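For the record, the sequence lines run as chains F and G.
The numbering used here applies: residue 2 is where the first sequence begins, and numbers increase by one.
The numbering used here applies: residue 2 is where the second sequence begins, and numbers increase by one.
Scroll down for the structure; my scribbles are underneath it.
Number of protein chains: 2
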Amino acid sequence: MGSNNRSERTTYIYKGKRISLKIIDTILPNGKFAKKEIVEHPGAVVILPILENGKIVLLKQFRPSVKNWVYELPAGTLDKVGEDPKECALRELEEETGYRAEKIEALLKIYPSPGYCTEIIHVYVAKGLKRTVPKQEETEVIETLILSLADAIELIRKEDIADAKTLLALLYYEKYFLDT
Amino acid sequence: MGSNNRSERTTYIYKGKRISLKIIDTILPNGKFAKKEIVEHPGAVVILPILENGKIVLLKQFRPSVKNWVYELPAGTLDKVGEDPKECALRELEEETGYRAEKIEALLKIYPSPGYCTEIIHVYVAKGLKRTVPKQEETEVIETLILSLADAIELIRKEDIADAKTLLALLYYEKYFLDT
Numbered sequence: 002m003g004s005n006n007r008s009e010r011t012t013y014i015y016k017g018k019r020i021s022l023k024i025i026d027t028i029l030p031n032g033k034f035a036k037k038e039i040v041e042h043p044g045a046v047v048i049l050p051i052l053e054n055g056k057i058v059l060l061k062q063f064r065p066s067v068k069n070w071v072y073e074l075p076a077g078t079l080d081k082v083g084e085d086p087k088e089c090a091l092r093e094l095e096e097e098t099g100y101r102a103e104k105i106e107a108l109l110k111i112y113p114s115p116g117y118c119t120e121i122i123h124v125y126v127a128k129g130l131k132r133t134v135p136k137q138e139e140t141e142v143i144e145t146l147i148l149s150l151a152d153a154i155e156l157i158r159k160e161d162i163a164d165a166k167t168l169l170a171l172l173y174y175e176k177y178f179l180d181t
Numbered sequence: 002m003g004s005n006n007r008s009e010r011t012t013y014i015y016k017g018k019r020i021s022l023k024i025i026d027t028i029l030p031n032g033k034f035a036k037k038e039i040v041e042h043p044g045a046v047v048i049l050p051i052l053e054n055g056k057i058v059l060l061k062q063f064r065p066s067v068k069n070w071v072y073e074l075p076a077g078t079l080d081k082v083g084e085d086p087k088e089c090a091l092r093e094l095e096e097e098t099g100y101r102a103e104k105i106e107a108l109l110k111i112y113p114s115p116g117y118c119t120e121i122i123h124v125y126v127a128k129g130l131k132r133t134v135p136k137q138e139e140t141e142v143i144e145t146l147i148l149s150l151a152d153a154i155e156l157i158r159k160e161d162i163a164d165a166k167t168l169l170a171l172l173y174y175e176k177y178f179l180d181t
């Protein structure tokens, strides 16, 4: 497998369900040649769900990668490159928490690991939440917490939250959106 | 290649210079069986360097993974699992910026992508900076910026900074450490 253009040659090591691994031979803007190991990822979403009473929905999830329980906002992977991230956010929010959002607003886009991964995470805040039925996957081990934003920020201060997208969504929302 | 214990079987797809890819068959805390694609990463550091005049050192770096120029604080990958992250931070800071730090303090630890990657990033703030000679690698395409923390925060507000570790180090430092 491979593709060619004037400045890059790609060799796939693995094409997986969610992530793929490729080696690229590329010419950098400084004219130098570089060989890089790159993880290809379709992109993802993370959602800060805010209930009518101002409380937020936070999950605690077992992550086999880091062999740890991790506080995370609801999140998910795009079905494929090009899926509308807003649609993905609405779907993942409902599946993971059992809330359907009437309003969803983009906060920012982040690269979690630009050194070796193509992933972009689209960060949303969701409001106008109506209760439905969560449909968590069997391989998702999740506890749901309802807490105030202040209590979530207190979890950050105590260094109990380590997930980058969750830290960023909470700190960014508190700083730039809370009083608007 | 593979290893066995009571609850996990690991098959390596690829063992690379920096990242490896493995498939794990694991038993989750809920007793269910799961097969996961996991990127193995030795861990990394990111450093917020603060000069005597209060200004910070920020880099703008071309990242082939996302085919984009990305604002990033100095950062780097541990040479191997188990390298002292503080040593790594001091080395990477000097290599990338040409500053040696007399004081380096841990801020927090983050998981950039716990859904599929083992990576932990250790976040530091560095002070007491003395000028030396940067030793950037040929495959690093980097511009160095010296700017105030307020100007960096303004770049965040304008959504010019997308790198998760950089956003977090800046927002976390401003919120919890600036006036202490």
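The C-beta atom is built at its ideal place from N, Cα and C for all residues, glycine as well.
Note that the coordinates shown come from a computational prediction; the quantities given were computed from them, not determined experimentally.
For Glu-95 (chain G), the secondary structure class from DSSP, reduced to helix, strand or coil, is helix.
Between the region 25-37 of chain G and the region 62-73 of chain G, the count of Cβ pairs shorter than 8 Å is below three; the stretches do not touch. Counting only Cβ-Cβ distances below 8 Å, Lys-18 (chain F) has contacts in chain G at Glu-38, in chain order.
Counting along the chain, Lys-166 (chain F) sits inside the alpha helix (DSSP H) bounded by residues 165-177. Contact between Val-47 (chain G) and Ala-163 (chain G) is ruled out by a C-beta separation of about 14 Å, above the 8 Å threshold. If you draw a 10 Å sphere on the C-beta of Ile-147 (chain F), you find fewer than 16 other C-beta atoms in it, and that means exposed.
Of all residues in the region 54-77 of chain F, only Phe-63, Arg-64, Pro-65, Ser-66, Val-67 and Val-71 come within less than 7 Å of chain G when Cβ atoms are compared, listed by chain position. Scanning its chain for C-beta atoms nearer than 7 Å, with the 5 sequence neighbours on each side dropped, one finds around Arg-132 (chain G) the residues Gly-99 and Tyr-100, in chain order.
In the DSSP assignment, Arg-158 (chain G) falls outside any beta strand (DSSP E) and within the unbroken alpha helix (DSSP H) covering 150-158. For His-42 (chain G), there is no enclosing beta strand (DSSP E), as DSSP marks it with neither H nor E.
Within the DSSP secondary-structure output, Cys-118 (chain G) pairs in a beta bridge with G:Val-40. Interface with chain F (8 Å Cβ-Cβ cutoff): Tyr-125 (chain G) is excluded.
Listed as beta-bridge partners of Gln-137 (chain F) by DSSP are no residues whatsoever.
The Cβ atoms of Ile-143 (chain F) and Leu-60 (chain F) sit closer than 8 Å to each other. Check the Cα spacing between Pro-115 (chain G) and each of F:Lys-176, F:Glu-88, F:Ala-45 and F:Arg-10: the tightest is with F:Ala-45. Remark: C-beta atoms of Thr-119 (chain G) and Ile-24 (chain G) do not approach each other more closely than 8 Å.
Within chain G, the residues whose beta carbon sits less than 7 Å from that of Pro-30 (chain F) are Phe-63 and Val-142, listed in sequence order. Inter-residue distance for Leu-22 (chain F) and Glu-53 (chain F) is about 43 Å (C-alpha atoms, whole angstroms). Within the region 102-121 of chain F, Leu-109, Lys-110, Ile-111, Tyr-112, Pro-113, Ser-114, Pro-115, Gly-116, Tyr-117, Cys-118, Thr-119, Glu-120 and Ile-121 place their CB atoms closer than 9 Å to a CB of chain G, listed in sequence order.
Taking the CA atoms as reference points, Thr-167 (chain F) sits about 32 Å from Thr-11 (chain F).
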